[in-house]
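**Q** Let me begin by handing over the structure; questions about it come next.
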Amino acid sequence: MSVVTPHRPELRSGSDGFAQLLRAEWTKFRTVRGWVLGTAVVLLLIVGLGVLTTANSVCSMPGTPQNPNPACPAPPTGPGGEWVSDSFYFVRQPLAGNGAITVRVTSLTGRYSTHPGLAPGQSATAGMTPGVQPWSKAGIIIKASTAQGSAYAAMMVTGSHGVRMQWDFTHDVPGLAGKVSAASPRSLRLTRSGDVIRGYDSIDGRHWTLVGTATLSGLPASVQAGMFAATPGHSVFSTSLGSSSALGGPALATATFDRVNRQGTWPAGRWTGEDILGPTDNALLASAQGFTQAGGRFTVSGAGDIAPAADNGPGGREAALGGTFAGLIAVVVIGVMFITAEYRRGLIRTTFTASPRRGRVLAAKAVVLAAVTFAAGLIGVAITIPLGDHLLRENGNPIAPLPALTLARIIVGTAALLAVAAVLALAVGALLRRSAAAVTAVIAGVVLPYLLAVVPGVLPVGVEEWLVRVTPAAAFAIQQATPAYPQVDATYTPGAGYFPLAPWAGFTVLCAWAAVALALAAFALRRRDA
Amino acid sequence: MTAMSAADDGEQAWWGGPRDVLHAEWTKLRTVAGPGALLLAAIALTTAVGAIAANAVTCPSGGCQIDPVKASLTGIYLGQATVAIVAVTSVSGEYSTGMMRLTLTAIPRRWQVLAAKAAVTGAAVLAAGTVAVLASMLAGRLLLYGHGITPAQGYEAMSLGTGPVLRAAAGSALYLTLIALLGLGIAAAIRDSAVSIGVVLGLLYLFPIVTNFVGNQHLQRHLEQISPMTAGLYIQATTNLRSLPLSPWQGLGVLAAWAAGALLGGGLLLCRRDA
């Protein structure tokens, strides 16, 4: 009977006892074997499923006897470090030092095929339909070299996006609107002064408007400059309920230039045509591309694209994050049990007797839970991503380069997502007090919308986007590796790894849900008997 | 004392008959507020989500690959979660309150308890599932026909008279029943509500997500074939059956195998362990 401890008021001194509350909740968490095991399970699921998905993502090319399983080639890398498409027909000559080039574009036309392959033996453009693609582009370009991925700045007319100035793949600034034609030609000008390239456009060739200023650091003294034409392939995205697929075929863009005016030192004095094409570019046969010169009039035909690569595709870093969802389910179970177990055992009455300010108890629980799940998630993802990269590389997959900040955002963001989801689960558990219903509610709110949004053929695209905007599943935007570029047409769907909300905006949606649930839970705890 | 002696007198008949065990389980299910409310919620959620999905289906230019029956039954994705709660709590709820010791004292043949629970919960879910499926298809028929997804446009007619539609409707109700049996088996093995429901929903929802992350079509196909939800829901397909990795009934068979495995495992553990 000597175990009865005397009342010790000095324990309640300090910062209103919140530190003691935290300590009490931490003691509860670490002494329940199931919860510690559960946290280990979260870690194992994240790493284990990440290994499963990456170890089975094999990229293989048709082999040769010397090299039976060659690795898939990586796309070229742009000056910003991202994967790019850099394939076009280039009518060029060197420009030494500063200078300028001015042209007038009088037409942009095109042909396209609705089928991926061309029949062998046919001429490359046989059976193609006349028509220009929305992002068919032709104009003038100043480029560091003819190597794919080298720095550039270009002024161009496009199929249906007006005049644009683009540089270094990711930058895109609109100029004059409207389509180009003989009746409404567009004059374009690029000037080089050191590393700075300015683009101008004009309707009449006399009054010029500055469209954009590009700074291409480290541009060599002698650059390649001239006219170009390119067009991405024709594609129709059918994203109905039954299936989502992109059908299409190669395309060709043809532009007519005149009034070509060069300023500065152009040592070669004559134009050279070159098809810039890499091994991974799926452009038209070289025979269809080319240029003709008649007096001051140039006709340039080209295929391909000068743009960031939009395909996240399999083999991306996202493959390693497949385990997040399993970890999330385990985290939700732990979060709910952290409060419902107290109700089941009646411990909650002791807890509230010891610290009658119930909101603070909930806050302490949330802090402990968030810290534990954040740590487990951070360790799990920080192990999985390098391990996944290694496995992907072993399997012949090229690894998309990621800026360090993006990588840090994915790792820290995923851990934070798990932590906030755990807090949401805690709050819903406190509200409902029934563990099965609370676990189901949170999983149906976080995981199910994501599932319905990414698995093709379940929901119409409009509903998919809405689901990952307003439900807590919006937070998975934090894992998006590649941004969606408006100047590239692609299937920007959640299933392809693109979310309608920006990464931190999506995460904020989850935080808002957790905050509302926590506030409701605090209110309910105060109003109800324990 | 009179009650005691009555029990002594009719001991054999009191707990021995399967009918009485069934009756006991039915009374438990009927007299607790949870299961009835949850089954009503399952009907409402299934129908509402199906109606939202059907309402969002548009095909302005025509010729879309839409399976109207599957679209109307989209709500099953959410409805099954509610059904799983009913099934899981019918076992784990007894463990959390200590009722299980009483149940097993009254009926020492533990397999009979599990079988009776499976029969009663399964029957209740089958009834609720049938209502949910019929309501979803009625809503889907009204909305899809309103959007021009009609048999006149070459889409499957939403009438129970045609074989594939009847298969999808009956199969979806069976699907929900099998989900309940799966939940029951897992709860009998795990006993804790939160962990059991987490495992059930993980089994259902994780397969398709992980499949989506795997960049290997061969493995993707295998994962789809063994996934309880993906394979089980092949029963809803009425068009494009050849593109599926399994036939509709084979797919439902995969889910049935999962449910049978869970019940078997749960039953063995129930018999071996202390309550």
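One line per chain: the protein sequences are A and B, in this order.
Mapping of the first sequence onto my numbering: position 323 corresponds to residue 325, and the numbering continues sequentially without gaps.
Mapping of the second sequence onto my numbering: position 225 corresponds to residue 234, and the numbering continues sequentially without gaps.
Note that beta-carbon positions come from the ideal geometry of N, C-alpha and C, so glycine has one too.
(1) Check the DSSP bridge columns for Met167 of chain A and list the partner residues they point to.
(2) Are three or more beta carbon pairs between the stretch 407-425 of chain A and the stretch 100-113 of chain A nearer than 8 Å?
(3) Against chain B, does Leu404 of chain A count as a neighbour if the rule is that its beta carbon must be under 8 Å from one of theirs?
(4) In this structure, does DSSP put His209 of chain A in helix, strand or coil?
(5) Along the alpha helix (DSSP H) that carries Leu434 of chain A, what are the first and last residues, could you check?
(6) Counting only Cβ pairs nearer than 8 Å, list the residues of chain B close to Ser59 of chain A.
(7) To the nearest angstrom, how far is the alpha carbon of Val518 of chain A from that of Val425 of chain A?
(8) For Gly131 of chain B, which of B:Ser99, B:Met108, B:Leu210 and B:Arg119 has the nearest alpha-carbon?
(9) If we cut at 8 Å on Cβ distances, does Gly201 of chain A have a partner in chain B?
(10) Locate the alpha helix (DSSP H) running through Thr112 of chain B, then write down its first and last residues.
(11) Grab me the residues of Ala492 of chain A's own chain with a C-beta within less than 6 Å of its C-beta, minus the 5 sequence neighbours each way, in chain order.
(12) Pick out whichever of A:Ala504, A:Ala477, A:Arg471 and A:Phe478 has its Cα sitting closest to the Cα of Pro485 of chain A.
(13) Using a beta-carbon distance cut-off of less than 8 Å, what residues from the stretch 78-92 of chain B approach chain A?
(14) Below 8 Å, how does it come out for the stretch 50-63 of chain A and the stretch 201-212 of chain A: are there three or more Cβ pairs, yes or no?
(15) Could you list which residues in chain B have their beta carbon closer than 9 Å to that of Ile445 of chain A, in chain order?
(16) Rounded to whole angstroms, what's the CA-CA distance from Ala477 of chain A to Gly88 of chain B? Just pull it up for me.
(17) How do the stretch 46-60 of chain B and the stretch 195-212 of chain B stand: do at least 3 beta-carbon pairs fall below 8 Å, yes or no?
(18) For Ala523 of chain A, which residues in the same chain have their Cβ closer than 7 Å to its Cβ, ignoring the five residues on either side in sequence?
(19) Using 8 Å as the threshold, is the C-beta distance between Arg264 of chain A and Gly298 of chain A below it?
(20) With a threshold of 8 Å between beta carbons, is Thr116 of chain A in contact with chain B?
(21) Taking the alpha carbon of Gly228 of chain A as the point to measure from, which residue in A:Gln135, A:Ala366, A:Leu178 and A:Val107 has its own alpha carbon closest?
(22) Hey, which unbroken runs of the alpha helix (DSSP H) at 4 residues or more fall wholly within the stretch 345-393 of chain A?
(23) Based on the DSSP secondary-structure assignment, which residues constitute the bridge partners of Asn263 of chain A?
(24) Measuring CA to CA, which of A:Leu330, A:Val460, A:Val463 and A:Arg435 is closest to Thr422 of chain A?
(25) Whose CA, out of A:Gly220, A:Ala253, A:Val463 and A:Trp468, lies closest to the CA of Gly508 of chain A?
(26) Leaving out five residues before and five after Val175 of chain A in sequence, what residues of the same chain have Cβ atoms less than 7 Å from its Cβ?
(27) Bridge partners for His236 of chain A per DSSP, in chain order?
(28) What are the partner residues of Tyr114 of chain A, as DSSP defines its beta bridges?
(29) For Ala223 of chain A, is the classification buried or exposed, using 16 other Cβ atoms within 10 angstroms of its Cβ as the cut-off for buried?
(30) Could you name the residues that DSSP lists as bridge partners for Val86 of chain A?
(31) Taking DSSP as the reference, what is the three-state secondary structure of Gly59 of chain B?
(32) Got a sec, what are the start and stop residues for the alpha helix (DSSP H) Ala198 of chain B sits in?
(33) Phe376 of chain A and Val93 of chain A: beta carbons closer than 8 Å?
(34) Quick one: Cα of Trp28 of chain A to Cα of Val370 of chain A, how far?
(35) On a Cα-Cα basis, can you pick out the residue from A:Met339, A:Gly497 and A:Tyr487 that is closest to Glu84 of chain A?
(36) Considering just the uninterrupted stretch of the beta strand (DSSP E) at Glu276 of chain A, what are its terminal residues?
**A** Let me lay it out:
(1) A:Met157 and A:Val175
(2) no
(3) no
(4) coil
(5) Ala406 to Leu434
(6) Val223, Gly224 and Asn225
(7) 11 Å
(8) B:Ser99
(9) Closer than 8 Å to the CB of Gly201 of chain A there is not a single CB belonging to chain B.
(10) Met108 to Ala115
(11) Ala312
(12) A:Ala504
(13) Listed by position along the chain: Lys79, Ala80, Thr83, Tyr86, Leu87, Ala90 and Thr91.
(14) no
(15) Ala90, Ile206, Gly207, Leu210, Gly211 and Tyr214
(16) When rounded, the separation of the alpha-carbon atoms in Ala477 of chain A and Gly88 of chain B is 24 Å.
(17) no
(18) Leu364, Ala429, Ala432 and Leu433
(19) no
(20) So no, Thr116 of chain A is outside the interface.
(21) A:Val107
(22) 349-356
(23) A:Thr104
(24) Note that residue 422 of chain A corresponds to Val in the displayed sequence, not to Thr. Residue A:Leu330 is the option with its Cα nearest to Val422 of chain A.
(25) A:Trp468
(26) Counting only Cβ-Cβ distances below 7 Å, and skipping sequence neighbours, we find Arg166, Met167, Val213 and Gly214.
(27) A:Gly251
(28) DSSP, once it has assigned bridges, lists A:Thr131 and A:Ala253 as partnering Tyr114 of chain A.
(29) exposed
(30) Here Val86 of chain A is bridged, per DSSP, to A:Pro310.
(31) Correct three-state label for Gly59 of chain B: helix.
(32) Gly172 to Ile199
(33) no
(34) 6 Å
(35) The alpha carbon of Glu84 of chain A has as its nearest neighbour, out of A:Met339, A:Gly497 and A:Tyr487, the alpha carbon of A:Tyr487.
(36) Thr274 to Ile278
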